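Going down the list, the protein sequences come from chains A and B.
One rule links them: number in the working numbering = place in the first sequence (from 1) + 390.
One rule links them: number in the working numbering = place in the second sequence (from 1) + 3.
Input: a single structure, listed below in structure tokens.
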Amino acid sequence: GESVGLHLPTLSVQEGDNSIINCAYSNSASDYFIWYKQESGKGPQFIIDIRSNMDKRQGQRVTVLLNKTVKHLSLQIAATQPGDSAVYFCAENWGEYGNKLVFGAGTILRVKS
Amino acid sequence: SQTIHQWPATLVQPVGSPLSLECTVEGTSNPNLYWYRQAAGRGLQLLFYSVGIGQISSEVPQNLSASRPQDRQFILSSKKLLLSDSGFYLCAWSTQGDQPQHFGDGTRLSIL
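Structure, rendered in structure tokens:
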């Protein structure tokens, strides 16, 4: 069935380096994508979103890239900090009225000091 | 600003017992409301969503039910819990279907 998946389950980066977390999606009808950060024992926290009419969107230290041709989504974190350590999920929003969020399995980001 | 509250934070229940988890949202009107379950080390699975009072859509057949008795209140229930109901339950809200969903801090449910 339709699904969203991640290439790398765990990513370790040195503090101060840039991080790139990748995500593949399979539903070509998806038109809205979201990245979430989840710290241990907490609910997912919204980071950034992007709609299918865009291929890049920037926030504070984060950039999301969308490649619709290959159905690929990435999250770039600049100057990664220890507080960025968490599980990162991509999600695609589809279904009638866009009510359904389909989540990937998640990538663990570990930041080494 | 909008806030979302879930309680309890943790719950240990015996098999066969009933369940009621509550979620409330403040600072917004007529939100879309969602219940998700997250298994350990996994992504989130949508269980129910609601676009208005008394309107519930179920995504997967299961031992659980949801109700929305008030605009900003969403309740997850079960008459008889199964071992497989263990997990991390998250409530979320959004202004519309194609807007970001914002999550509460979840309830960790353990079934013994």
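Quick reminder that beta carbons are idealized off the backbone N, C-alpha and C, glycines included.
Nothing here was measured: the structure is a model prediction, and the numbers come from that model.
Within the stretch 87 to 113 of chain B, the residues whose Cβ lies closer than 7 angstroms to some Cβ of chain A are L93, G100, D101, P103, Q104, H105, F106, G107, D108 and G109, listed in chain order. Ranking D474(A), W425(A), I410(A) and K432(A) by CA distance to the CA of Q104(B) puts W425(A) first. Taking one beta carbon from each stretch, the stretch 62 to 82 of chain B and the stretch 21 to 34 of chain B have 3 or more pairs nearer than 8 angstroms; the two touch. Residue environment for Q428(A): buried (at least 16 other C-beta atoms within 10 angstroms of its C-beta).
Residues of the same chain with a CB within less than 6 angstroms of the CB of S68(B), apart from the 5 flanking positions on each side, are S80 in chain order. In the structure shown, S20(B) falls within a coil segment according to DSSP collapsed to helix, strand and coil.
Distance between G46(B) and G19(B), taken at the CA atoms: about 26 angstroms.
Positions of the alpha helix (DSSP H) runs, each at least 4 residues long and wholly inside the stretch 407 to 471 of chain A, cannot be given because no such run exists. With its beta carbon less than 7 angstroms from one in chain A, L47(B) belongs to the interface. At a cut-off of 7 angstroms between C-beta atoms, K458(A) does not count as an interface residue with respect to chain B. In chain order, D101 make up the part of chain B whose C-beta sits under 7 angstroms from the C-beta of Y422(A). Residue environment: Q471(A) is assigned as exposed (fewer than 16 neighbouring CB atoms within 10 Å of its CB, all protein chains considered). Of the residues A12(B), P17(B), G44(B) and G30(B), the one whose Cα lies closest to the Cα of I498(A) is G44(B). Here G90(B) carries a strand assignment [DSSP, helix/strand/coil]. Among the CB atoms of chain B, one or more fall inside 7 angstroms of the CB of K490(A).
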